[in-house]
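**Student:**
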Amino acid sequence: TSHQVKLLAFFNDK
Amino acid sequence: LEARLEQAAMLKRVVDAIKDLVQDCNFDCNDSGIALQAMDNSHVALVSMMLKSESFSPFRCDRNIALGINLTSLTKVLRAAQGDDILTLKAEDAPDVVNLTFESPESDRLSEYDIKLMDIDQEHLGIPDTEYAATITLPSSEFSRITRDLSALSESVAIECTKEGVKFTCTGDIGNGSVSLRQHTNVENDAKSVDISLTEPVALTFSLKYLVNFCKAAGLSDRVRLCLSNEVPLLVEYGLSNNSYLRFYLAPKIGD
């Protein structure tokens, strides 16, 4: 099984 | 702001392609063009649109403005434009509305609409410049077909790219399926070629429901570019004329 990662784990809040 | 588009079809297609993913968006206007960045509600996918000033003629933007627009409202108004109408967007300084006019190229018909603007407090993400390990350019219709076919079987797709080619694999309750593509040059029609550029093999898993959604942009471009590196979001790019683009980013699914 795999789980969905959120984009905020990769992209910084500006 | 005053921005005139030769063909309303371009904006109609762009909005059509993103309206199911994002709802309220700021259209950030400055002298380089009109940009939009918005995440979907689940914070898994991101839309990044850039319509360069060169895509408009003329284009004038004296002061940076953010036009907060509800895409459902914009869709309602754009439905009133024919694809080959000349579309002009106008907004004042500190505007309450954005004004759209549609001119028929072959008659004296002119229609004019105002859409009320909204204050949108949008998170803006910094997307790092990435040297992707694998870049695959393929016909956008082929990518649509793969995502549609595999989504009938499963919620997720594994994308594996090696020097042999790219393989899309899914596993579902009724069984499993895969589609493999090799690098291939179509001498008669370059738009049908599959180009793969690889610095190291990649294998990533993504939710198909988002990919199916991205493929609504297929009408904008014959070609689509997929950029992958292990453990980073996938970039799906539809190039438009004048270096304008519609990009989608999708966070991967990761094993426990």
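Residue numbers (this note's numbering), protein chains in the order written: chain A, 347 to 360; chain B, 215 to 470. Here a beta-carbon is modelled for each residue, glycine too, at the ideal position from N, C-alpha and C.
(1) Which term fits S272 of chain B, buried or exposed, when burial requires 16 or more other beta carbons within 10 angstroms of its beta carbon?
(2) Any residues in the stretch 337-352 of chain B with a beta carbon nearer than 7 Å to a beta carbon of chain A? Which ones, in chain order?
(3) Just to make sure I have the definition right: I need the residues of chain A whose C-beta is within less than 7 Å of the C-beta of L260 of chain B. Which are they?
(4) Do the CB positions of L418 of chain B and L353 of chain A come within less than 8 Å of each other?
(5) Is it buried or exposed for T413 of chain B, if we count other Cβ within 10 angstroms and need 16 for buried?
(6) So the candidates are B:S269, B:S411, B:S455, B:L425; which of them puts its Cα closest to the Cα of K467 of chain B?
(7) On a CA-only basis, which of B:R323, B:S321, B:A308, B:I329 is nearest L314 of chain B? Give me that one, please.
(8) Examine chain A for any beta-carbon lying closer than 8 Å to the beta-carbon of T419 of chain B, and answer yes or no.
(9) At a Cβ cut of 9 Å, what residues of the stretch 263-280 of chain B count as close to chain A, listed as they run along the chain?
(10) Out of curiosity, what's the CA-to-CA distance linking N400 of chain B and S407 of chain B?
(11) State yes or no: is the C-beta of I300 of chain B within less than 8 Å of the C-beta of E356 of chain B?
(12) Which of the three DSSP states, helix, strand or coil, is assigned to Y346 of chain B?
(13) Label R227 of chain B either buried or exposed according to how many other C-beta atoms from any shown protein chain fall within 10 Å of its C-beta, with 16 as the threshold for buried.
(14) Locate the beta strand (DSSP E) running through N313 of chain B, then write down its first and last residues.
(15) Rounded to the nearest angstrom, what separates A478 of chain B and P309 of chain B at their Cα positions?
(16) I'd like to know whether the C-beta of P447 of chain B is nearer than 8 Å to at least one C-beta of chain A.
**Tutor:** With the structure as the only source:
(1) The residue asked about is misnamed: residue 272 of chain B is Pro in this sequence, not Ser. Counting Cβ neighbours within 10 Å, P272 of chain B comes out exposed, since fewer than 16 surround it.
(2) Of all residues in the stretch 337-352 of chain B, the ones placed with a Cβ closer than 7 Å to any Cβ belonging to chain A are E337, H338, L339, G340, I341, in chain order.
(3) Per Cβ cutoff of 7 Å: L353.
(4) no
(5) exposed
(6) Nearest C-alpha to K467 of chain B: B:L425.
(7) Taking only the C-alpha atoms, the option nearest L314 of chain B is B:I329.
(8) yes
(9) Those would be none; no residue qualifies.
(10) 5 Å
(11) Result no, Cβ atoms of I300 of chain B and E356 of chain B do not sit closer than 8 Å.
(12) coil
(13) buried
(14) Boundaries of the beta strand (DSSP E) around N313 of chain B: 311-317.
(15) Only positions 215 to 470 of chain B appear in this structure, which leaves residue 478 of chain B out of reach.
(16) When Cβ-Cβ separations below 8 Å define contact, P447 of chain B makes contact with chain A.
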